[in-house]
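Visitor: Structure provided below as structure tokens; questions to follow.
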Amino acid sequence: MGVKKAAKPPFVSALAVSTAIVTGVIAFPAPALAANSTFIDRGDCRWHAEVWSGEAETERVDTDGGCTGHSWARIKVDGSWRSWQHKERWIVIPLPSAAHPIQQSQHKTCSDCGVYTLTPTF
């Protein structure tokens, strides 16, 4: 029975390391999904709704301050819709966990207003 030698660590050439440092080229993984967004108009007021795999948000974007109505949003994760959430001007719903991306989001401009459904796009 012979003695086993420890495996050598993987070899990375000095040239490869130097090239990465000099050129600044470092590879990062692309995001899984891109954002999908829309504007929602109600009367003279406007909201912006957006979703991507990590977050959903609705924001009232009026500039004159004369708009009423909260920003409402909810998300669909693992095939189930979560509860509606709302704030006066801007609501953000973050990704619940990295293992469970947002599949869709719904947005509206008041409690009984029409619903806009968005799906993250590739």
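In this note's numbering, the protein residues as written are -11 to 110.
C-beta: ideal position from N, C-alpha, C; glycine also.
Cα separation between I63 and D32?
Guide: In a straight line, the C-alpha of I63 is about 27 Å away from that of D32.
Visitor: Have a look at A15 and A86 and give me their C-alpha separation to the nearest angstrom.
Guide: The predicted position of A15 is uncertain, since its pLDDT is 43 and thus under 50; a value taken from the coordinates is nonetheless stated next. Going by the C-alpha atoms only, they are around 21 Å apart.
Visitor: According to the Cβ coordinates, are T97 and W60 closer than 8 Å?
Guide: Yes, the Cβ-Cβ distance between T97 and W60 is below 8 Å.
Visitor: If you run the structure through DSSP and keep just helix, strand and coil, what is D29?
Guide: Residue state, collapsed to three classes: strand.
Visitor: Can you tell which of D29, R30 and S25 has its C-alpha closest to the C-alpha of A113?
Guide: Because the chain is modelled from -11 through 110, residue 113 falls outside the range shown and cannot be assessed.
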